[in-house]
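What follows is a set of notes on a single structure, which appears directly below.
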Amino acid sequence: MSALFPKQQVVGFIQSLVLTIIALSVYFLDIPYSISLIILIVTALLQGGLQLIVFMHMGENEDKSVLYLNLGYAIFVAVTIVFGTLWTLLWGW
Amino acid sequence: MGFKWDHFFVTGEPMIYGAMVSIVLVSLAIVIGLTKFKKWGYLWTEWLTTVDHKRIGVMYILCALLMLFRGGVDALLMRAQLAGPDLKILDAQHYNEIFTTHGLIMILFMAMPFIIGLMNIVIPLQIGARDVAFPYLNAVSFWLFFAGAMLLNVSFIIGGSPDAGWTAYFPLAGKEFSPGVGNNYYAIALQIAGLGTLMTGINFIVTILKMRAPGMTLMKMPMFTWSILITNVIILFAFPVLTVALALMMFDRMFGAQFFTMANGGMDMLWANLFWIWGHPEVYIVILPAFGIYSEIISTFSRKNLYGYKSMVVSMIAISALSFVVWVHHFYTMGQGAMVNGFFSITTMAISIPTGVKIFNWLFTMRKGKIEFTVPMLYALAFIPIFTIGGVTGVMLAMASADYQYHNTMFLVAHFHYVLIPGTVFAVIAGFYYWFPKVFGFKLDEKIGKITFWFITISFNVTFFPLFILGLKGMTRRTFTYSAESGFGPLNLVATIGSIGLAIGFILLVYNIYYSVRYAPRETNGDPWNARTLEWSTSSPIAPYNFAVIPTIDSLDPFWKSKKEGTSLLKGEIKDIHMPSNSGIPFILGAAFMAFGFFLIFEWWVPTIIFSIPILICLIARSFQRDHGFHIHKEEVIETEKKLRGDQYEEQASV
Amino acid sequence: MKSKPLYSLGEESSNRILGFWLFLGAEIALFGTLFAVYLTLANNTGSAPTQKELFEMNGVMIETFALLTSSFTIGLVVNAIKLNHKKAFMSFLIITLALGAIFLGVEITEFFTYVHEGATLQSSGALSSLFVLLGTHGAHVTFGMFWGIAILIQTYREGITETTANKTFIYSLYWHFLDVVWIFIFSFVYVKGLIG
Chain A
-13 MSALFPKQQV VGFIQSLVLT IIALSVYFLD IPYSISLIIL IVTALLQGGL
37 QLIVFMHMGE NEDKSVLYLN LGYAIFVAVT IVFGTLWTLL WGW
Chain B
8 MGFKWDHFFV TGEPMIYGAM VSIVLVSLAI VIGLTKFKKW GYLWTEWLTT
58 VDHKRIGVMY ILCALLMLFR GGVDALLMRA QLAGPDLKIL DAQHYNEIFT
108 THGLIMILFM AMPFIIGLMN IVIPLQIGAR DVAFPYLNAV SFWLFFAGAM
158 LLNVSFIIGG SPDAGWTAYF PLAGKEFSPG VGNNYYAIAL QIAGLGTLMT
208 GINFIVTILK MRAPGMTLMK MPMFTWSILI TNVIILFAFP VLTVALALMM
258 FDRMFGAQFF TMANGGMDML WANLFWIWGH PEVYIVILPA FGIYSEIIST
308 FSRKNLYGYK SMVVSMIAIS ALSFVVWVHH FYTMGQGAMV NGFFSITTMA
358 ISIPTGVKIF NWLFTMRKGK IEFTVPMLYA LAFIPIFTIG GVTGVMLAMA
408 SADYQYHNTM FLVAHFHYVL IPGTVFAVIA GFYYWFPKVF GFKLDEKIGK
458 ITFWFITISF NVTFFPLFIL GLKGMTRRTF TYSAESGFGP LNLVATIGSI
508 GLAIGFILLV YNIYYSVRYA PRETNGDPWN ARTLEWSTSS PIAPYNFAVI
558 PTIDSLDPFW KSKKEGTSLL KGEIKDIHMP SNSGIPFILG AAFMAFGFFL
608 IFEWWVPTII FSIPILICLI ARSFQRDHGF HIHKEEVIET EKKLRGDQYE
658 EQASV
Chain C
15 MKSKPLYSLG EESSNRILGF WLFLGAEIAL FGTLFAVYLT LANNTGSAPT
65 QKELFEMNGV MIETFALLTS SFTIGLVVNA IKLNHKKAFM SFLIITLALG
115 AIFLGVEITE FFTYVHEGAT LQSSGALSSL FVLLGTHGAH VTFGMFWGIA
165 ILIQTYREGI TETTANKTFI YSLYWHFLDV VWIFIFSFVY VKGLIG
C-alpha cells in the first residue's frame, strides 16, 4: 500500500503545501508590501523548482542537459519579456 | 436576411474583378485537369496525405514560389503608383492593402515556407536520418500553414485585405479605425499559420538533437544543420509571443476588450511592444538559415572546409540570445526615455558583431580555395558585399538619436530590403538551385540561371539604392503618392525601372524550371556538385527511406572524406526499414481550421462553433489512433537501391 | 544501472517526452507574455471595479489546494505505472480529474460573480488582461480535462502499455506545468492584488 504513496512525492507535496501557506501568510498577517513581494517571489520559485525536479522527474530524464538548457532559455525569455515590457512601457526613463 | 453582399465580395475595383475571374478559372482548370487525367487518387495518396519530409518540403517551396509571385505583383503595383508624382493608379485604401499584404506575404508566406521547405528536404538527409522526429506533426504544420496562407490570400476579394501595415499598429488596427474584416484576417490567418510554425520548431529541435547518425557529434554537424537548430530554438520561444499578441488583437477587435484601446485603461503601445518582441527574433529566424545555406555553398564551391567552424556556431548562439533583447529599436521614436533607448541602442549595435564574424569566416573560407562560379555561388558572392551595405545601414539605424531622422523614411525601407533580399531571398534562390538536382535528378540550367542572377542582382540595386537617398531627402514610407515639388520623382522612377528588371528576373527563374524539366540532362549519381555533406551520398531522386543503411560517420564533411579516401558510407547489412504511415487527418485538420478561421473572421459565431467540431474530432481521432507504421522489407530495399543507383550499387553497398 | 521506465523505453517514447518538454518551454514564453501584459495593465482600472474589490481569498484558496493536490495525485498515477498497478492508476487519475473539475467549478463561478458585479472583459485594460490570463490558464485546464478523460478510456481499454504509459507521463508533465503556472498566478495576481 505504501508503495502507492512514494515517500519522495508525499514529502514534496507537504513541502508545496508549506510554501503555499507561507505565501498566503503575507495576506493574512499583513506583511509590508516589499517584503511580501520578496516572500512571494522566493516561495513561487521554490515551489516551481519543486514541481520540476521532484514531480516532473527532470533530473531523471536521459536528455536532462537539454531540458535544463530549455528551461534556462525559457526563463531568460520570460523574464526579459516581463521586465523588458515593464521597463520600456512603465518604469523606464 | 438583408445580407450586405458588397461587404462580402470586394467591389468597385476592376483589377480585383480580374483577380476574381482568374482565380475561378484557374481553380476550374485544376479541377478539370485532375479529373481528366484521373489524378485525384494520386494527389490524395502521394501528396495530400504524405508524411514524407521530402514531399512536405516540396509542397512548402511550391507555395513559397506562388507567394513570391503574389508578393512581387504587390510590389510592382506599388512601384507603378510611385513611378511619378500624383499618379492615380492606386487610391490610398488600395495602396494600404497592397503594402500590408506585400509585407505579410513576403515575410510570413514566402520567406518562412521557403526556408521551412528547404529545412524539411535537407535536414534529415544531412544528419543521416530517415525522417523527422514527428512525421505526422510535420504534415500538420504544413496544412496549418496552408490554411493560414489561403485565408490571407482570399482576403482581397472577400471582405478586404488587412490595411494597417504588416505591423498592424494600434489604434489604427483597432475596430474603431479599421472597422472591416481586413485586420480580422490578420489576427486569424497569422495565428493559424503560426501554430504550424511552432510545431515545426519542436519537430526539428528533437530531430537534430536525437536522430543524428552514429558518430555525428554536435560539432561534426554541417553548418546548415546548426543554423536550423538555432533558428528553431528562436522559433520555439518567439512564436508564443505572437500567439498572445494576435489573441489580444482578436479580443480587442471582436470581443470589445481594452488591451490596445485609447480609453478605459488600454495601452496602444503595448501592441507595438509585443509585436516587436516577436518581430525582431523573426527577422533572425529568416536570416540564420540563409547564413547556413551560404556556409554550405561557399564551402562546397571553394573546395574547402568552412573556416572557423566553432566561431560560426558561437556567433549564431550569440545572435539567438541577443535577438530577444533588441526589439525596442523598432520604435525608438514612440515615447520611451533616453535611458531605455540607449540600452537598446547598445544591444542592437552589439548584435552586429557576431554577424561580422561570420562574414570574415566566409571570406577566409574562399581565400586560397578553388572557386567555382556556379549559380548558387554567384548568389553567395553577391550576398557578401550587398548584405554588408544593409548591415552597416542597420548600425546607423541602431543609434537612437540618429534614428529620429531615419525612422519610417524610405531609408529604413532600403535598409531592410538590403538585408532581406541579398540575405534571405538570394539564399533561398541559391539553395533552390543547389538542392534542386538532389530532389529531382536534374540541374536547373546554368546559363539561364546566370542571366537570371545578373538581372536580379543589378535590378535589385537599381530598385533599392535610390530609396536610401530618398529617405535622407525626407520621403516617408507607406505613402501612396508624393507631389512634384518634393523632388522625389526622378529617383522613384529609377526605382520603378529597377523593379521591372526584378520582375524579368523572376520570370526567368520560373522559365528555367519549365526549360529544365523539358531539356535538362538527367543525372543519377546524386552528386552533381561534387559536394561535401551526407545528403549528396543519397541517390537522386531519393529513396523514400533516404538511407538503405544508416551511415556511421567520424568527421566533418563525411561524404567528402569518403570520396577522398575511396571508402563507402553505405557499409552494413540492409534490414527491414520501418516507415510511418500516411494520414488524411492533417489535411482535414487544415481544412477545418480554414473554415473555422474564415467564419471567425466574419464573426459568424454559429458556423464558427460548428467548424470547431471537426477540429476536435481530428484531435480525438489522432489520440485514439494506434497506427505504428509499416515495414519496407529488405528485399524491396535492395531492389530499390539497385534501381536508383544502377552500377554504383555494387561499388557502394555491401550486403 | 536502473532500467529505463516504461514510459520512455523506446526511441519514439523518449523523443515524444523531449518534444513535450520543449513545448513547455514555449508555454513558459506564452504565459510570460500574458503576465507581462497583466502586470503592465494591472493598475489601469479605469472606472471599473479593481482587483482588490473583486478578489475573494476563499475561492482562491480552494482553487489552489485543489490544483496542488491534483498535481500530487497525478504523480501517484505515474508511480502506479512503475508498479504496473492498473487499479491505482485509474483511481488516482479519476481523483485528479475530480479535483480539476472542482478547480474549474470555482473559477467559472468566480468569473460569473465578477460579471455580475460589473467587471467584464470589456470594462478596463486591467480586467481584460485579468480575464485573458486566468482564462488562458483555465482553458488549458479544461483541455487537460478532456485529454485526461481520453487517457482514462485508453488505459482502461488497453491496459498499461508503453504507448499509454508514455501518453500518461506526457499528460502528467502538462498537468504539473499548469500547477506551476497557477503558483505564479496565485502569488502575483491574487495575493499581490489583495495586499496591494
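First to last, the protein sequences are chains A, B and C. Heads up: the first sequence runs through residues -13 to 79, numbered per the numbering used here. Heads up: the second sequence runs through residues 8 to 662, numbered per the numbering used here. Heads up: the third sequence runs through residues 15 to 210, numbered per the numbering used here. Even glycine gets a Cβ: it sits at the ideal position worked out from N, Cα and C.
When C:61, C:120 and C:102 are compared, the shortest CA-CA separation from residue 71 of chain C is found for C:120. Look at residue 586 of chain B here: in three-state DSSP terms it is strand. Contiguous alpha helix (DSSP H) elements confined to the segment 253 to 311 of chain B occur at 275 to 307, taking only those with 4 or more residues. Residue C:114 holds the alpha-carbon nearest to the alpha-carbon of residue 157 of chain C among C:126, C:114 and C:123.
Contact annotation for residue 164 of chain C against chain B: 627, 630 and 631 [CB-CB distance below 8 Å, chain order]. Taking the Cα positions, residue 183 of chain C is about 9 Å away from residue 42 of chain A.
The DSSP-derived three-state label of residue 459 of chain B is helix. Residue contact check for residue 216 of chain B against chain A: a CB pair falls below 9 Å. With a minimum length of 4 residues, the unbroken runs of alpha helix (DSSP H) contained wholly in the segment 111 to 145 of chain B fall at 119 to 133. Taking a contact as a CB-CB distance under 8 Å, the pair residue 46 of chain A and residue 28 of chain C does not count as one, their CB atoms being some 12 Å apart. For residue 456 of chain B, the closest of B:446, B:438, B:471 and B:447 by C-alpha to C-alpha distance is B:438. Put simply, the CB of residue 139 of chain B is far from chain A, with every gap to its CB atoms at 9 Å or more.
Residue 43 of chain A sits in coil when the DSSP states are folded into three classes, being neither helix nor strand. Burial check for residue 561 of chain B: the Cβ neighbour count within 10 Å stays below 16, so the residue is exposed. Exclusion of the five residues before and after residue 151 of chain C leaves 45, 192, 195, 196 and 199 as the residues of its chain whose Cβ lies within less than 8 Å of its Cβ. If one requires a minimum length of 4 residues, the alpha helix (DSSP H) runs lying completely within the segment 462 to 532 of chain B are 496 to 526, in chain order. No beta strand (DSSP E) of 3 residues or more sits fully in the segment 26 to 66 of chain C. With the criterion set as a beta carbon lying under 9 Å from some beta carbon of chain A, the members of the segment 265 to 286 of chain B are 274, 276, 277, 280, 281 and 284, in sequence order. Residue pairing by DSSP leaves residue 336 of chain B without any beta bridge partner.
Given a length threshold of 4 residues, each whole run of the alpha helix (DSSP H) inside the segment 375 to 453 of chain B is given here in chain order: 382 to 405, 407 to 413, 417 to 426 and 433 to 447. By the criterion of at least three beta-carbon pairs nearer than 8 Å, the segment 207 to 227 of chain B is in contact with the segment 543 to 561 of chain B. For chain B, the residues of the segment 24 to 43 of chain C that bring a beta carbon within less than 9 Å of one of its beta carbons are 25, 26, 28, 29, 30, 32, 33, 34, 36, 37, 39, 40, 41, 42 and 43, in chain order.
Just so you know, the alpha carbons of residue 99 of chain C and residue 583 of chain B end up roughly 35 Å apart. Between the segment 16 to 36 of chain A and the segment 642 to 654 of chain B there are fewer than three inter-stretch CB-CB distances shorter than 8 Å, so the stretches are not counted as touching.
The shortest CA-to-CA distance from residue 108 of chain C to any of C:205, C:126, C:88 and C:37 is the one to C:88. With a cutoff of 9 Å on beta-carbon distance, residue 22 of chain C and residue 31 of chain C are scored as near each other. Per DSSP, the continuous beta strand (DSSP E) segment holding residue 637 of chain B begins and ends at 637 to 639.
Bounds of the alpha helix (DSSP H) holding residue 206 of chain C are 206 to 209. With fewer than 16 other beta carbons inside 10 angstroms of its own, residue 269 of chain B counts as exposed. Counted as a single uninterrupted DSSP element, the alpha helix (DSSP H) harbouring residue 130 of chain C occupies residues 100 to 130. For the segment 47 to 58 of chain A, the set of positions with a beta-carbon nearer than 9 Å to some beta-carbon of chain C reads 47, 48, 49, 52, 53, 56 and 57 in chain order.
Per DSSP, residue 629 of chain B is one residue of the alpha helix (DSSP H) stretching across 612 to 631. Using a CB distance below 8 Å, the part of the segment 53 to 69 of chain C facing chain A consists of 53 and 54, ordered along the chain.
Contact between the segment 578 to 593 of chain B and the segment 47 to 61 of chain B is present, with at least three C-beta pairs closer than 8 Å. Residue 173 of chain B has its alpha-carbon roughly 28 Å from the corresponding atom of residue 361 of chain B. The beta carbon of residue 309 of chain B lies closer than 6 Å to those of 372, 373, 376 and 378 in the same chain, with the five residues before and after it left out.
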